[in-house]
Amino acid sequence: MWTCERWPTLSGRCQTGCWSPDGNRLLFTVLGEPLIYSLSFPERCGEGKGRVGGAKSATIVADLSETTLHTPDGEERLGGEAHSMVWDPSGERLAVLMKGNPRVQNGKPVILLFRTRNSPVFELLPCGIIQGEPGAQAQLITFHPSFNKGALLSVCWSTGRIAHIPLYFVNAQFPRFSPVLGRTQEPPAGGGGSVHDLPLFTETSPISAPWDPLPGPPPSRSHSPHSHF
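For what it's worth, UniProt numbering labels the leading residue of the sequence shown as 1, then goes sequentially.
Here it is in structure tokens:
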């Protein structure tokens, strides 16, 4: 049976949220805050098996107010509130579509990419950004449900174009090696660890995808989204 609970300790309503593939963790953001919260739903055993109930406190796992990312063009200052976010089916990549922030990136929305791991301990590490071509803003993001080479992010742009961006990885436990840059990318400052817990007091108790990229030179930067990993 569904029940309704109110969390009066939060500063506003929920803006966006997504579940881990195993259903044991919920990530969410609150309107007006540049923070990502985590709420765990551990599996029950014994007498409590079959019951649903999450932790009594939410943990802040990322602060998006300002993040510095090292790219081939130098340091990029990013930050702001999350508009929406999606978790890929493997549980190794999280994509966060940011709202435009006039203080950074000239107010242009960007997509932040995070490397994730849900067990044995939860990890959330920034690993890249995706930017649209001039005049294009991301409107919708989603991961393909079955992409055996990593994670396939689909982005719908304000220009009407849809881009499929493959994110290749071996395992979230190891550093990401970029064949383009020839080096591993260091996580940017900020947003990498837990800050504190917020009590939530309640008033109620092996087949390739048909669009796998073909070998060849990368597309021109002027005709495709800009990605930095």
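By construction, the Cβ of each residue, glycine as well, lies at the ideal position given by its N, Cα and C atoms.
For the candidate residues the options, whose alpha-carbon lies nearest to that of residue i?
i           : options                         : result
Pro34       : Ser20, Leu78, Gly150 and Trp7   : Leu78
Val86       : Pro21, Ala151, Thr142 and Cys4  : Thr142
Gly135      : Asn148, Pro42 and Gly160        : Gly160
Gly132      : His144, Lys56 and Leu112        : Leu112
Ile162      : Gln137, Pro126 and Pro42        : Gln137
residue 248 : Gly12, Leu39 and Phe147         : A query on residue 248 cannot be resolved here, the shown segment of the chain reaching from 1 to 229 and no further.
Pro126      : Phe147, Pro8, Lys149 and Leu94  : Leu94
Trp7        : Phe147, His144, Ser84 and Lys56 : Lys56
Within a Cβ cutoff of 6 Å, which residues of the same chain sit near residue i, ignoring the five residues on either side of it in sequence?
i           : result
residue 278 : With the chain covering only 1 through 229, there is no way to say anything about residue 278.
Ser65       : Pro34 and Gly79
Arg13       : Leu31
Pro89       : Pro21 and Pro145
Do you know offhand how far residue i's Cα is from residue j's?
i      : j      : result
Leu167 : Ala151 : 5 Å
Ser154 : Leu31  : 24 Å
Val121 : Glu92  : 13 Å
Thr202 : Ala58  : Unreliable placement is indicated for Thr202, whose pLDDT of 39 sits below 50; the coordinate value is still reported in the next sentence. Between Thr202 and Ala58, the C-alpha separation is close to 12 Å.
Asn118 : Pro109 : 27 Å
Pro145 : Glu43  : 24 Å
Thr184 : Lys149 : Residue placement at Thr184 cannot be trusted, given a pLDDT of 34 that sits under 50; what the coordinates show is reported in the next sentence. Between Thr184 and Lys149, the C-alpha separation is close to 19 Å.
Asp73  : Thr3   : 50 Å
Phe169 : Gly128 : 13 Å
If you drop the 5 nearest sequence neighbours on each side, which residues of the same chain put their C-beta closer than 8 Å to that of residue i?
i     : result
Ala82 : Gln15, Thr16, Thr29, Pro34, Ile36, Leu64, Val96, Leu97, Met98 and Lys99
Apart from the five residues just before and just after residue i, which ones in its own chain have a Cβ nearer than 7 Å to its Cβ?
i      : result
Gln139 : Cys156, Trp157 and Ser158
Ser84  : Thr16, Leu97 and Ile141
Between residue i and residue j, which are expected to be in contact by the criterion C-beta below 8 Å, what is the C-beta distance as a whole number of angstroms?
i     : j     : result
Leu10 : Cys18 : Leu10 to Cys18, Cβ: 17 Å. No contact.
Uninterrupted alpha helix (DSSP H) stretches inside the stretch 143-167 (no shorter than 4 residues)
DSSP runs (the alpha helix (DSSP H)) wholly in the stretch 143-167: none.
If we require 4 or more residues per run, which alpha helix (DSSP H) segments fall completely within the stretch 67-114?
Fully enclosed alpha helix (DSSP H) runs of 4 or longer: not present.
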